[in-house]
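A short write-up of the structure that comes next.
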Amino acid sequence: MGQTITEKILANHAGIDKATPGENIWVDVDVLMTHDVCGPGTIGIFEREFGKDAKVFDNEKIVLVPDHYIFTKDELCHRNIDTLRAFAKKQNIKYFYEPGTDTYTGVCHVTLAQEGHNRPGEVLLGTDSHTCTSGAFGEFSSGIGNTDAGFVMGTGKALLKVPPTMRFVIDGEIGEGVMAKDVILRIIGEIGFDGATYRAMEFVGSGIDALSMEERMTICNMAIEAGGKNGIMNVDEKTREYVRARTDKPFQEFQSDADAEYYSELVIKGSDIVPCVAKPHSPGNYAPAADCSDVKLDRAYIGSCTGGKITDFIAGAKVLENNKVSIDTFIVPATVEVEQQLVTEKINGKSLRQIFEDAGCQPIAPPSCAACLGGPIDTFGRTHGEEVVVSTTNRNFVGRMGSKDSQVYLASPYTTAASAITGVITDPRKYV
Amino acid sequence: MSIIKGKVYVLKDDIDTDQIIPANFLNLVPTIPEEYDELGSHALAGLPDSYQPFMKPGENKAEYAILIAGRNFGCGSSREHAPVALGAAGVDAVIAESFARIFFRNCVATGEVYPLEVRDRLCDVFSTGDEAEINIEENTVVNKTTNKTYKTLPLGAAKDVVDAGGIFEYARRAGLCS
Ligand code: SF4
Chain A
1 MGQTITEKIL ANHAGIDKAT PGENIWVDVD VLMTHDVCGP GTIGIFEREF GKDAKVFDNE
61 KIVLVPDHYI FTKDELCHRN IDTLRAFAKK QNIKYFYEPG TDTYTGVCHV TLAQEGHNRP
121 GEVLLGTDSH TCTSGAFGEF SSGIGNTDAG FVMGTGKALL KVPPTMRFVI DGEIGEGVMA
181 KDVILRIIGE IGFDGATYRA MEFVGSGIDA LSMEERMTIC NMAIEAGGKN GIMNVDEKTR
241 EYVRARTDKP FQEFQSDADA EYYSELVIKG SDIVPCVAKP HSPGNYAPAA DCSDVKLDRA
301 YIGSCTGGKI TDFIAGAKVL ENNKVSIDTF IVPATVEVEQ QLVTEKINGK SLRQIFEDAG
361 CQPIAPPSCA ACLGGPIDTF GRTHGEEVVV STTNRNFVGR MGSKDSQVYL ASPYTTAASA
421 ITGVITDPRK YV
Chain B
1001 MSIIKGKVYV LKDDIDTDQI IPANFLNLVP TIPEEYDELG SHALAGLPDS YQPFMKPGEN
1061 KAEYAILIAG RNFGCGSSRE HAPVALGAAG VDAVIAESFA RIFFRNCVAT GEVYPLEVRD
1121 RLCDVFSTGD EAEINIEENT VVNKTTNKTY KTLPLGAAKD VVDAGGIFEY ARRAGLCS
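Sequence lines, in order, name chains A and B.
Under this note's numbering, the first residue of the first sequence carries the number 1, and numbering increases by one thereafter.
Under this note's numbering, the first residue of the second sequence carries the number 1001, and numbering increases by one thereafter.
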C-alpha cells in the first residue's frame, strides 16, 4: 500500500519509512513562523521552560512576521512588537520583518511565500491557524498554539499525529468569472464546516493544475475552515519556478503514490463550480452568488491572506475598471510587495491603484491583517455596528470583523467587486 | 485531578475562538500573570447576546467550572488565548460532541482545561446552572440536578501527554529535551 504526500513528508521528517494515520510521531521542523499576536506568548513559554538565557534551536529557521496589529495606537500592541524586536536581537533571528523599517512586509502567510520560506517537501509550523496556506507549495504546514510553538522554538521538534487524507479532485478547469475562492467555498459547503477535522485535505486534478500559485494558496488557506489539519497540493513546474525565483535553498519533492490509501474522495467538475458566497456566520454556509441578490450590502472589503494577493486585486480591478462602487469599498494589500504591484500592474494602461481610485474606493490602506479579524477599535475597516459586508477574507464568525451585530458574506474578489458596484450580492460573470 | 465538579454553562454547535476570546483582547499575553487574569475576565465575551452572560461584570472568575457544548467546539484560530481565557476564568473542563483540532491540542499542551468528548448530545439535556460531576478515571459525567449519568470518551493518546502534565514534561520523560 502506498502513501500520500502528507504521510511521506511526515515520515521523512521523523526518520521512518512509513507514517500511518493515527500514529503520533516526533518530526523535525524546517520553519517555525510566529507573529505579533502569538509571538510574545510563545517567547514567554520558551523562556519559562528553557530558561531566560536559552538559545533557540536554529536562528535561521524561526521567522517572525508581525502583521496583525501594526497601524494602531493601542499601547499593548506596540509593546508586543517591542517584545519580538528585543527577542530577535537577543537571539540573532535572521528573518524578522520589522514594522517601521524597510524590512516590514505585512501578512505572514503571503510573506512566507513571497520571501522564499515556502519550499516543497518541508515541515512548516506556525502559531496561526491559516499556516495551512503553505501547503500549496507541496509541503506539510499546520497551525499550532503557543505552548507547542515554545517547544519547537527550543527543540526544533514537534509531536504530530499523522492525519488521514481526504482527496479532492477538481476535474477540468473552472470557468470564466470563477476563482479559487469559489472552489474552496464549494468544498467546505459540501463537507461542512467541521468536515475535515483532524484530517489532511489534498487538492488535485486538472482544475488545480491550471491555477496560479496565488490561487492555489487561497484554497489551502481555507483548509482550516473545514477543520483540516493541513491542505496540500502537488509540486509542478509553476511551483518550482515560483520557489526558485525566491530562494536558493534546495528542496525535495514528494508525491502521493497511485495506490495511496485515502479516507475519502470527492470529485467536482471544474465547470460545475459557480461564483458563490458563504453566508453569515459560517464558512460552510454555501450559496451561489446568483441566489443572494436580495442581500443589501453596506460595505465591500478586499484584503487578507486569502484575498489580498496581487492576483486578487487584478481580479477586483478587472471588474471595477470603468465602473463605480455604490458602497464603501476597502482595499487592503496583504504585503508591501503587493502594495507596490498595485502601482506597477496595469489593465489597459491604467494602474490598479488608479482603477480603484477612479471607481471610488476608500484610500488604499497600508498592508496588514487590518479588519480581517476585527482587532483594536481604531483598526482600518473594522465594523462597529450592523454593517453587512461582502469580503474576500476567510472567516465570517459572529464578531469576526469587529462588531457582533455585523454580518459578513465571504466571496471571491470578482464577486466582491461586482457586489460593490451594485450594492447587493452579485454574480460577477457579466462583468468579466 | 480525577474528579471535577461544579455548575455547568451550556453552549450549542460551532463555538469559535472569536466567541471564546474576541480579537480585541489578543493584545494580552497569556504568560504575563496580570494579563492571564485579565484574559479570564473576558472569557466567552464574544458570544451572541442570545446567551446569558458567562461572566458577571467586573469579575474575573466565572461561577461555572464546566462547559457543555455541541459539535466543533473551539473552531477557528490557533490562539492559545482561548483555552487560557477559559482556564483563567475557572473552567476546569469542556465537554463537547467534537472539538476543533488546534483547540483540543492547545488544551492538552497547556493543561488549562480538560477537553472531553461525548457521543450524546449533552447540550440538549443539560441546562445552564445544573450541577455536574465528572470522573476522569471512569469516563463519566453525572448531572446532579437530574441524577442522570453519561459516558465521556477516553482521552486516547492525548492522555499520556495530559498525565505527564503537558508536552514539556512528556518530552522530558522521553529524553527529548532537558
Ligand atoms: S489576514 Fe486575517 S486570516 Fe490572514 S493571518 Fe491575518 S488575521 Fe489571520
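Cβ coordinates follow ideal geometry from the N, Cα and C atoms, glycine included.
None of the values given here were measured: they were computed from a predicted structure.
Can you pull the chain A neighbours of residue i, defined as C-beta to C-beta under 7 Å?
i, result
"D1014/B", "F193 and S282"
"G1165/B", "Ordered by position in chain A, no residue passes the 7 Å Cβ test against G1165/B, which lies about 12 Å from the chain."
"C1177/B", "G154 and T155"
"F1054/B", "The premise fails here: F1054/B is roughly 14 Å from chain A at the closest Cβ pair, so nothing lies under 7 Å."
Put residue i into one of helix, strand or coil per three-state DSSP.
i, result
"D82/A", "helix"
"A1158/B", "helix"
"E1035/B", "helix"
"L1011/B", "coil"
"G1076/B", "coil"
"E1117/B", "strand"
"N1024/B", "helix"
"S304/A", "helix"
"D1018/B", "helix"
"L1176/B", "coil"
"C361/A", "coil"
"E237/A", "helix"
"N1106/B", "helix"
"G207/A", "helix"
"F34/A", "The identity of residue 34/A in the sequence shown is Thr, whereas the question assumes Phe. Strand at T34/A."
"C369/A", "coil"
"Q354/A", "helix"
"T1149/B", "strand"
"Y431/A", "coil"
"V1141/B", "strand"
"E202/A", "strand"
"I5/A", "helix"
"D17/A", "coil"
"F1099/B", "strand"
"A1093/B", "strand"
"D1124/B", "helix"
"I1004/B", "strand"
Would you mind telling me which residues of chain A sit closer than 8 Å to residue i, beta carbon to beta carbon, in chain order?
i, result
"C1075/B", "F193, D194 and G227"
"I1095/B", "Under the 8 Å cutoff, chain A gives no residues; its nearest Cβ is about 17 Å from I1095/B."
"G1090/B", "None at all; the shortest Cβ gap to chain A is about 20 Å."
"R1105/B", "I144, G145 and D148"
"I1136/B", "What I1136/B touches in chain A: nothing, since even the nearest Cβ is about 21 Å away."
Once the 5 residues before and after residue i are set aside, which same chain residues still bring their CB inside 8 Å of it?
i, result
"T1140/B", "I1134, T1149, Y1150, K1151 and T1152"
"A309/A", "Per the sequence shown, residue 309/A should be read as Lys rather than Ala. Only V110, E214, M217, T218, A334 and V338 meet the Cβ criterion."
"R1119/B", "E1097, K1151 and L1153"
"G385/A", "S403, D405 and S406"
Output needed for residue i: all residues of its chain with C-beta closer than 6 Å, excluding positions within five of it in sequence on either side, in chain order.
i, result
"I1015/B", "A1069 and F1073"
"K8/A", "F254"
"E265/A", "R167"
"L352/A", "F313, A317, L342 and E345"
"G135/A", "S141, C220, N230, G231 and I232"
"P413/A", "I302, G307, D312, A315, G316 and T392"
"V37/A", "H68"
For a contact defined as C-beta to C-beta under 8 Å, what are the partners of residue i on chain B?
i, result
"Y286/A", "Ordered by position in chain B, no residue passes the 8 Å Cβ test against Y286/A, which lies about 15 Å from the chain."
"A396/A", "Ala is not the amino acid found at residue 396/A; the sequence shown has Asn there. Within 8 Å Cβ-Cβ: nothing; N396/A doesn't reach chain B, min ~10 Å."
"D308/A", "Here the sequence assigns Gly to residue 308/A, which means Asp is not the residue at that position. Those within 8 Å of G308/A in chain B number zero; the least Cβ separation is about 17 Å."
At 7 Å on the CB atoms, spell out the chain B contacts of residue i, in chain order.
i, result
"I45/A", "T1031"
"E202/A", "By Cβ distance, chain B contributes nothing, its closest Cβ being about 17 Å from E202/A, past 7 Å."
"G375/A", "A1023 and N1024"
"F87/A", "Residues of chain B passing the Cβ test: none, with the nearest at roughly 12 Å."
Can you list the residues of chain B that residue i reaches, using a CB-CB cut of under 9 Å?
i, result
"C108/A", "Going along chain B, no residue has its Cβ under 9 Å from C108/A, so there is no contact; the nearest lies around 12 Å."
"Y431/A", "Neighbours of Y431/A on chain B: none; closest Cβ ~32 Å, over 9 Å."
Output, in chain order, the set of chain A residues within a Cβ distance shorter than 9 Å of residue i.
i, result
"A1171/B", "W26, F151, T155, K157 and L159"
"P1048/B", "H281, V398, G399 and K404"
Here's a check: name, in chain order, each residue in its chain whose Cβ is nearer than 7 Å to the Cβ of residue i, leaving out the five neighbours to either side.
i, result
"Y263/A", "P164, T165, M166 and R199"
"D291/A", "none"
"K269/A", "D171 and G172"
"I184/A", "T218, I219 and M222"
"C361/A", "V325, T329 and I331"
"F514/A", "Missing from the structure shown is residue 514/A; chain A here goes from 1 to 432 and no further."
Contiguous alpha helix (DSSP H) assignments of at least 4 residues, all confined to the region 71 to 144 of chain A: Within the region 71 to 144 of chain A, the alpha helix (DSSP H) runs of at least 4 residues that lie entirely inside it are, in chain order, 75 to 91 and 108 to 114.
Sequence ranges, beta strand (DSSP E) only - wholly within the region 135 to 192 of chain A, length at least 3: Runs of the beta strand (DSSP E) inside the region 135 to 192 of chain A: 140 to 143, 157 to 161 and 165 to 171.
Every unbroken alpha helix (DSSP H) inside the region 303 to 343 of chain A [4 residues or more]: With a minimum length of 4 residues, the continuous alpha helix (DSSP H) runs that stay inside the region 303 to 343 of chain A are 304 to 307 and 310 to 320.
Every unbroken beta strand (DSSP E) within the region 238 to 306 of chain A, with a cutoff of 3 residues, ordered by chain: For the region 238 to 306 of chain A, whole beta strand (DSSP E) runs of length 3 or above, ordered along the chain, are 264 to 269, 276 to 278, 286 to 288 and 299 to 303.
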